[in-house]
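Its first residue numbered 71, the sequence shown is counted upward by one per residue in this note's numbering.
Cβ coordinates follow ideal geometry from the N, Cα and C atoms, glycine included.
Remember, it's a predicted structure, so these values are computed and weren't measured experimentally.
Have a look at the structure below before the remarks.
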Amino acid sequence: RDAGVSRATASRVLTGSPRVSPSARDRVLASAERLQYQVNAAARSLRTARTGLVGLLIPGFRNDLYGPLADRLDERLRERGLSVVIGSSGWSADGDLRVLESFAAQRLDAVIIAPRSDRSKALATYLGGLGCPAVLLDRDFVGLQRDSVLTGLGQGITEAMGALAALGHRRIAVSAYGADLRPGREVRAGFADAVTRFDLEDDPSLLVEMSDLNAEAGDAVAERVIAADATAAVIGGPTSLLARALRRLRERLGPDPFPGRLSVVAVGDEVLADVHEPALALVTRPVELIADAVADQLLRRLEEPSSPVQSVTIPLAFRPGPSMGPPTHYPGGIGGSPAPGML
71 RDAGVSRATA SRVLTGSPRV SPSARDRVLA SAERLQYQVN AAARSLRTAR
121 TGLVGLLIPG FRNDLYGPLA DRLDERLRER GLSVVIGSSG WSADGDLRVL
171 ESFAAQRLDA VIIAPRSDRS KALATYLGGL GCPAVLLDRD FVGLQRDSVL
221 TGLGQGITEA MGALAALGHR RIAVSAYGAD LRPGREVRAG FADAVTRFDL
271 EDDPSLLVEM SDLNAEAGDA VAERVIAADA TAAVIGGPTS LLARALRRLR
321 ERLGPDPFPG RLSVVAVGDE VLADVHEPAL ALVTRPVELI ADAVADQLLR
371 RLEEPSSPVQ SVTIPLAFRP GPSMGPPTHY PGGIGGSPAP GML
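Here you go:
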């Protein structure tokens, strides 16, 4: 009454429906603020059979992709009257199921899913029978028909390796997640594509698998890059892992090893890449674009439950930087002394 609109119009505004004129929306929101109106979530849930909650399943908080992603998702979904509930599986396949069962018990309206593994048959079966809208975040379950937002990580890896090959590098190490996760398979595909396309050395030791994503794993990545006698490395993972790997490489190779002893390309962390000395070449990870695509998929599914399943791929572009240079050859490997004439 205070806003001069019908009860139905006020309800649509307060539930985040897009089917309201801008002027009516402004009047209702101004009236709600003036009257200090608070939505009764429990009553709304009983009336609409919706809770206004969206679950976000992530594998763990070590990967700093998920903080900015959750922040942007919350911003987008809050505009539509939805709140985000985050659950971590603790890097466990059993944890994935535990979190999803918890979400189901809370009768969430929808879920966004980035589980520890997308090769779990038990999880695929559970998701196939899930009774609410779901969006897969950079995961690809065999035979599962769900909306998804993927990243073009493989193409980004190929572009980075191509740029290094153009400088003369032939032994390029690349860090990779396990093959039971789509990003890990993408890295492997990008590595294989670059090896073939740019005539690079195809040595299994150059594919550096990350056994964990904690900071200490960065030491292991650095040691394996050195052991592989690579002249360049493309290193991804959480910021703590990447920073630790770079520190260990400096300890082992000297105070200013990039790009003299080793050319380096980072994956994902634009802030660290920019403040590092020298600035790091980068395979970018546009978190805001990824989050917006997820929000768009989810809202479309909530509004059009019977619409066709869609998959969107967000490209990851390569950005060159001063951490790249031509290779220097060391008879004893990159930890040794340069070849005669190279000093």
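What is the rounded straight-line gap between the Cα of residue 144 and the Cα of residue 219? 17 Å
Grab me the residues of residue 288's own chain with a C-beta within less than 6 Å of its C-beta, minus the 5 sequence neighbours each way, in chain order. 311, 314, 315
Give the DSSP-derived three-state secondary structure of residue 379 in the structure shown. coil
Let me confirm a value: residue 338 is counted as buried when at least 16 other C-beta atoms fall within 10 Å, else exposed. Which label applies? buried
Three or more C-beta pairs below 8 Å linking the segment 235–251 and the segment 291–311: yes
Who pairs with residue 279 in a beta bridge, going by DSSP? 246
Helix or strand or just coil, what does DSSP make of residue 337? strand
What's the call for residue 397, buried or exposed, on a 16-neighbour Cβ count within 10 Å? buried
Could you tell me if residue 110 is buried or exposed, where buried requires 16 or more neighbouring beta carbons within 10 angstroms of its beta carbon? The predicted position of residue 110 is uncertain, since its pLDDT is 47 and thus under 50; a value taken from the coordinates is nonetheless stated next. By the 10 Å Cβ count, residue 110 comes out exposed.
If you measure between the beta carbons of residue 179 and residue 120, is that distance less than 7 Å? yes
Report all residues from its chain with a CB closer than 8 Å to the CB of residue 332; omit the five preceding and five following residues, and keep chain order. 295, 300, 301, 302, 303, 319, 323, 404
Under three-state DSSP, which class holds residue 354? strand
What is the C-beta distance between residue 139 and residue 341, in whole angstroms, given that I count them as a contact (C-beta under 8 Å)? Going by Cβ atoms, the distance from residue 139 to residue 341 rounds to 15 Å, so no, they are not a contact pair.
Excluding the 5 residues preceding and the 5 following residue 412 in the sequence, name in chain order all residues of the same chain whose CB lies nearer than 6 Å to its CB. The predicted position of residue 412 is uncertain, since its pLDDT is 44 and thus under 50; no value can be drawn from it.
The alpha helix (DSSP H) that contains residue 159, what's its start and end? Looking at the DSSP string, residue 159 is not in any alpha helix (DSSP H), and its letter there is neither H nor E.
Mapping DSSP to helix, strand and coil, what is residue 388? strand
So, at 8 Å on beta carbons, what are the nonlocal neighbours of residue 176 in its own chain, with the 5 sequence-adjacent residues on each side left out? 121, 123, 125, 155
Check for me: the alpha helix (DSSP H) holding residue 96 runs from which residue to which? 92–104
Taking one C-beta from the segment 163–173 and one from the segment 144–153 each time, how about it: are there three or more such pairs within less than 8 Å? no
Could you tell me the distance, in whole angstroms, from the CA atom of residue 211 to the CA atom of residue 381? 12 Å
With distance defined between alpha-carbon atoms, name the residue in 388, 72, 95 nearest to residue 231. 388
Beta-carbon spacing of residue 298, residue 275 below 7 Å: yes
Exposed unless 16 or more other CB atoms sit within 10 angstroms - verdict on residue 91: exposed
On a CA-only basis, which of 184, 360, 80 is nearest residue 222? Give me that one, please. 360
Using beta-carbon positions only, say whether residue 351 and residue 377 come within less than 7 Å of one another. no
Check whether residue 317 and residue 250 have beta carbons under 7 Å apart: no
Sort 228, 285, 215 by Cα distance to residue 259 and report the nearest one. 228
Roughly how many angstroms separate the alpha carbons of residue 264 and residue 200, rounded to a whole number? 39 Å
In whole angstroms, what separates the C-alpha of residue 252 from that of residue 173? 23 Å
Within its chain, find whatever has a CB closer than 7 Å to the CB of residue 75; leave out the 5 residues flanking it on each side and keep chain order. 94, 97, 98
Over what stretch of residues does the alpha helix (DSSP H) that includes residue 316 continue unbroken? 309–323
Between the beta-carbon of residue 77 and the beta-carbon of residue 308, is there less than 7 Å? no
Identify every run of the beta strand (DSSP E) within the segment 190–256, keeping only runs that are complete inside it and at least 3 residues long; order them along the chain. 204–207, 217–222, 242–246
Member of 235, 325, 285 whose CA lies at the smallest distance from the CA of residue 335: 235
Proximity winner among 203, 137, 150, relative to residue 157 (alpha-carbon distances): 137
Cα-Cα, which of 130, 72, 347, 128 is closest to residue 105? 72
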